[in-house]
Amino acid sequence: MTDQRSQAEIVRESLKVRYRKERRFRLYGMAAIAVALLSLLILFTDIVGKGYTGFIKTTITLDVSLDGEAMYLEDARDKDQLSMADFQAPIISALQEYFPEATGRKDVRELKRLVGSYAGNRVRNLLTEQPELLGTTQTMTFLVHDTVSVYVKHAGSDAYSIRLSEQQQRWVDELVEKGVVETAFNDVFFSRGDSREPSNAGVLGAIVGSLFTMVVTIAIAFPVGVAAAVYLEEFAPQNKLTDFIEVNINNLAAVPSIIFGLLGLAVFIGLFGMPRSVPVVGGLVLALMTLPTIIISSRAAIKSVPPSIREAAEGMGASKMQVVLHHVVPLAMPGMMTGSIIGMAQALGETAPLLLIGMVAFIVEIPDGFFSSATVLPVQIYLWASSAEQGFVELASAGIMILLTFMITMNAMAIWLRKRLERRW
Amino acid sequence: MKLKSVVASVALAGSIAAVSAPAMARDTINIVGSSTVYPFATVVAERFGRNTDFPTPKLESTGSGGGLKLFCAGIGTQHPDITNASRRIKKSEVELCASNGVEDITEVKIGSDGIVIANSKNGPAVDLSLKQIFLALAKEVPDPKGGEKLVANPYEKWSDIDSSLPNEEIFVMGPPPTSGTRDAFVEIAMEGGCKKYDWIKAIKKQDKSKYKSICHSMREDGPFVEAGENDNLIVQRLEQDDHAFGIFGYSFLMENSGKIQAATINGVGPTPETIADEAYPVARSLYFYIKNAHVGVVPGIQEYVAEFTSEGAWGDNGYLVDVGLIPNPRKTRMEVVKRVKNLTPLTAAEL
Chain A
13 MTDQRSQAEI VRESLKVRYR KERRFRLYGM AAIAVALLSL LILFTDIVGK
63 GYTGFIKTTI TLDVSLDGEA MYLEDARDKD QLSMADFQAP IISALQEYFP
113 EATGRKDVRE LKRLVGSYAG NRVRNLLTEQ PELLGTTQTM TFLVHDTVSV
163 YVKHAGSDAY SIRLSEQQQR WVDELVEKGV VETAFNDVFF SRGDSREPSN
213 AGVLGAIVGS LFTMVVTIAI AFPVGVAAAV YLEEFAPQNK LTDFIEVNIN
263 NLAAVPSIIF GLLGLAVFIG LFGMPRSVPV VGGLVLALMT LPTIIISSRA
313 AIKSVPPSIR EAAEGMGASK MQVVLHHVVP LAMPGMMTGS IIGMAQALGE
363 TAPLLLIGMV AFIVEIPDGF FSSATVLPVQ IYLWASSAEQ GFVELASAGI
413 MILLTFMITM NAMAIWLRKR LERRW
Chain B
2 MKLKSVVASV ALAGSIAAVS APAMARDTIN IVGSSTVYPF ATVVAERFGR
52 NTDFPTPKLE STGSGGGLKL FCAGIGTQHP DITNASRRIK KSEVELCASN
102 GVEDITEVKI GSDGIVIANS KNGPAVDLSL KQIFLALAKE VPDPKGGEKL
152 VANPYEKWSD IDSSLPNEEI FVMGPPPTSG TRDAFVEIAM EGGCKKYDWI
202 KAIKKQDKSK YKSICHSMRE DGPFVEAGEN DNLIVQRLEQ DDHAFGIFGY
252 SFLMENSGKI QAATINGVGP TPETIADEAY PVARSLYFYI KNAHVGVVPG
302 IQEYVAEFTS EGAWGDNGYL VDVGLIPNPR KTRMEVVKRV KNLTPLTAAE
352 L
């Protein structure tokens, strides 16, 4: 009796302990998820908090009097005169309209530094295109100098140091009050290539470069990967050699990406003499890198096609090739595509292999083909993050946001494809 | 099997290359080299691209050594036209160049760059001597008890070295050995302080490699931390930690002058004037090298160099000063310009 009771008690007591254990176990799980979410949240708040100002540009609108005498320009059609003309002069005099007291050499210098370095180029381009405007007054909008932009956007923030003199700060305050200096959506960021001046720098060059590179990558990695997977899964004889290849493909998937960069440098640039910094080489290297991912996921997709389908097709008299091309590959396609998209998303965020083949470079012009110098999004972010100018901090974060948007889109596409097209048997 | 697909893909790549390779006449100037010169060269390149009809040159930041290696690999449009360097070309590199057919190289000295030791403005302002820097950061230092022998660096606080220095732990962040800034810091500041000891200096004559290992080894027991190539990170750390010091290029000090201050060295602070006239001791010259054989083949090289060496760019009031370049004295500038105009090649005797 006592024995039995004590046994029931033991069970009851141990039950409590077991329930507690389970609760604890669940708590650990939840804590793990909370930590992951929290770090994600911190990362996102940091990036967005730093980066949203990257989508804002600061402009200054001035009535520029295109006075030929002040610019040493008599005829805007004359190329020699254009190259000798002083296009800063009308901008400075337009600013002096607001601050007539600024006439000394130092004052003029400080005044000049309110406007971005390429304002003069804008005036020149305008006159080159429309020489008849010489002598008229035009309302033009310029980008402000980087230091002014930092001041307007971040005055009072501890993270930035203001590099304007007190006089300049007073001027800028006054111009902001009058509505001459304004902030607007940063369209420059989406329409230009890199620049050494943060306000002139854009991400378009890098996006186009990434696009060209990815096209090459998918064009090579997808067909080669799928072909390899189909052969290995459907045709290859089961022998030592096949096993050996299989092991090596799995190993290849774990090789650090910089090794592929070394390979690309040696083979594509060294052996084949292809140029540095071009999307073709970048695409080839990244294709090699994503190949194992695609092969492995494609093989899994092929494996998941039930044998009954193959048998049914064979029973209807289909040849091996017909079975594969008409039935197995189409049914495995969603899985193959999901794997490829995830592989591409990985390749999109890769910088290390590109370092060696010269895609970590300062490239201003937007690439116009597979053989023109280009850089890619993550590299652009890296280049900005390591620049001294404060304006690049926000651009780097803005670039990260764009890269993340692409990544999330691609991953969402993979999930959607899987949900939409995958068939269950 | 898989092998076949690899063969196929390589063959495919090969055929692409075969199609592309002959058609590679280039109209964009290719520049490689030092990450220290990169911020200056990119500004010039961008201006050059905007103000002329030539395309904007392409700039790769490969480090001085990496750049010279690429530069010296040969003549032909697949090789770069110009390389930037934060140190002078070495004799061995000139020989490497010559062995690959790159015979005529023109040297352009563009100015100087100071290396600063800085801390947060909330921290103490300090004045260091090169000897104190060496004692704070070297792996092995002369025995503080005296005598001509070396002991593992015992100093933990700045005040242990000299009572005039703050009573705080030594904590300095600096660039890794791959960086040109580190090379220059070690050669100028560390060795500069090291050879103040006559008996160490005497070792140089007997055993050069031993001398080097004494003077060039940074301590690894904590007070010196390698903080990666990104100087922005060092600056960020300095803002958060008032006791930390950082080693980086002058342009980063200039850009963040509101938040950080530089230590004076032998009483001299880093300013454009003191760096240019070499009163501030930790400074180095910056260069770029032109491959003369490419001039006239790749369009725009001479025009780019002319833009770089114009007074509006590298002069006392030029736009490169705004991004932190310390200009050469005017006399040097005139000499360099003359040299560049004639493309006078560098001779081995000059090195």
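Protein chains in written order, with our numbering: chain A, 13 to 437; chain B, 2 to 352. By construction, the Cβ of each residue, glycine as well, lies at the ideal position given by its N, Cα and C atoms.
Return the Cβ separation of residue i and residue j in integer angstroms, given the expectation that the two are a contact with Cβ distance under 8 Å.
{"i": "A:G221", "j": "A:P379", "result": "5 Å"}
{"i": "B:E61", "j": "A:G347", "result": "Rounded, the Cβ-Cβ distance is 40 Å, inconsistent with contact."}
{"i": "A:M226", "j": "A:L360", "result": "6 Å"}
{"i": "B:P300", "j": "B:D28", "result": "6 Å"}
{"i": "B:F72", "j": "B:K292", "result": "7 Å"}
{"i": "A:A233", "j": "A:T71", "result": "The pair is not a contact, with the Cβ atoms about 43 Å apart (cut-off 8 Å)."}
{"i": "B:Y288", "j": "B:I111", "result": "7 Å"}
{"i": "B:P81", "j": "B:V33", "result": "5 Å"}
{"i": "A:F382", "j": "A:V292", "result": "5 Å"}
{"i": "A:G276", "j": "A:L368", "result": "7 Å"}
{"i": "B:Q79", "j": "A:P287", "result": "6 Å"}
{"i": "B:I261", "j": "B:A119", "result": "5 Å"}
Let's test the definition: count the other Cβ atoms within 10 Å of the Cβ of residue i and tell me whether it reaches 16, buried, or not, exposed.
{"i": "A:Y84", "result": "exposed"}
{"i": "B:Y212", "result": "buried"}
{"i": "B:W159", "result": "buried"}
{"i": "A:G168", "result": "exposed"}
{"i": "B:E108", "result": "buried"}
{"i": "B:P328", "result": "buried"}
{"i": "A:M96", "result": "exposed"}
{"i": "B:A22", "result": "In this predicted model, B:A22 has a pLDDT of only 44, less than 50, meaning its place in the structure is not dependable; the value taken from the coordinates is given anyway. Per the 10 Å Cβ criterion, exposed."}
{"i": "A:T302", "result": "buried"}
{"i": "A:F247", "result": "exposed"}
{"i": "B:G77", "result": "exposed"}
{"i": "B:A24", "result": "Bear in mind that the predicted position of B:A24 carries a pLDDT of just 43, short of 50, making it too unreliable to give a figure here."}
{"i": "A:V135", "result": "buried"}
{"i": "A:I22", "result": "exposed"}
Which class does residue i belong to by DSSP, given the choice of helix, strand or coil?
{"i": "B:N318", "result": "coil"}
{"i": "B:I291", "result": "strand"}
{"i": "A:L274", "result": "helix"}
{"i": "A:D79", "result": "coil"}
{"i": "A:A97", "result": "coil"}
{"i": "A:D87", "result": "coil"}
{"i": "B:A228", "result": "coil"}
{"i": "A:V192", "result": "coil"}
{"i": "B:V109", "result": "strand"}
{"i": "A:K69", "result": "strand"}
{"i": "B:V324", "result": "coil"}
{"i": "B:A350", "result": "helix"}
{"i": "A:T225", "result": "helix"}
{"i": "A:D119", "result": "helix"}
{"i": "B:N31", "result": "strand"}
So which of the options has the shortest CA-CA distance to residue i?
{"i": "A:G294", "options": "A:V279, A:I314, A:I307 and A:V120", "result": "A:V279"}
{"i": "B:V117", "options": "B:E108, B:S35, B:S130 and B:I111", "result": "B:S130"}
{"i": "A:G403", "options": "A:T140, A:F56 and A:H157", "result": "A:H157"}
{"i": "A:V290", "options": "A:E86, A:Q179, A:V23 and A:I375", "result": "A:I375"}
{"i": "B:K241", "options": "B:Q79, B:G124 and B:H80", "result": "Checking the sequence shown, residue 241 of chain B turns out to be Gln, not Lys. For the residues B:Q79, B:G124 and B:H80, the minimum Cα distance to B:Q241 belongs to B:G124."}
{"i": "B:S258", "options": "B:F309, B:S121 and B:S35", "result": "B:S121"}
{"i": "B:P58", "options": "A:V405, A:V391 and A:E377", "result": "A:E377"}
{"i": "B:S113", "options": "B:E279, B:V298 and B:L352", "result": "B:E279"}
{"i": "B:Q133", "options": "B:G115, B:L166, B:V103 and B:V152", "result": "B:L166"}
{"i": "B:P143", "options": "B:G268, B:S93 and B:K202", "result": "B:K202"}
{"i": "B:V127", "options": "B:L326, B:F309, B:G270 and B:V322", "result": "B:G270"}
{"i": "A:G355", "options": "A:L300, A:F224, A:V188 and A:A43", "result": "A:L300"}
{"i": "B:V236", "options": "B:G325, B:Q303, B:G250 and B:C195", "result": "B:G250"}
{"i": "A:V127", "options": "A:K118, A:I104 and A:A424", "result": "A:I104"}
{"i": "A:N133", "options": "A:L155, A:T149 and A:G147", "result": "A:L155"}
{"i": "A:F67", "options": "A:I353, A:R24 and A:A213", "result": "A:A213"}
{"i": "A:A400", "options": "A:G63, A:S173, A:E109 and A:V29", "result": "A:S173"}
{"i": "A:D87", "options": "A:E109, A:S51, A:F56 and A:L145", "result": "A:L145"}
Indicate, with yes or no, if the ligand GTP has a heavy atom lying under 7 Å from the CB of residue i.
{"i": "B:E170", "result": "Here there are no bound small molecules, and the ligand GTP is not part of this structure."}
Name, please, each residue of chain E whose Cβ falls closer than 7 Å to the Cβ of residue i.
{"i": "A:Y130", "result": "No chain E appears in this structure, whose protein chains are A and B."}
Inter-stretch contact at 8 Å, needing at least 3 Cβ pairs: the stretch 205-213 of chain A / the stretch 34-54 of chain B: yes
Cβ pair count under 8 Å reaching 3, the stretch 305-319 of chain A against the stretch 237-250 of chain A: yes
Given 8 Å, three or more beta-carbon pairs between the stretch 322-338 of chain A and the stretch 184-202 of chain A: no
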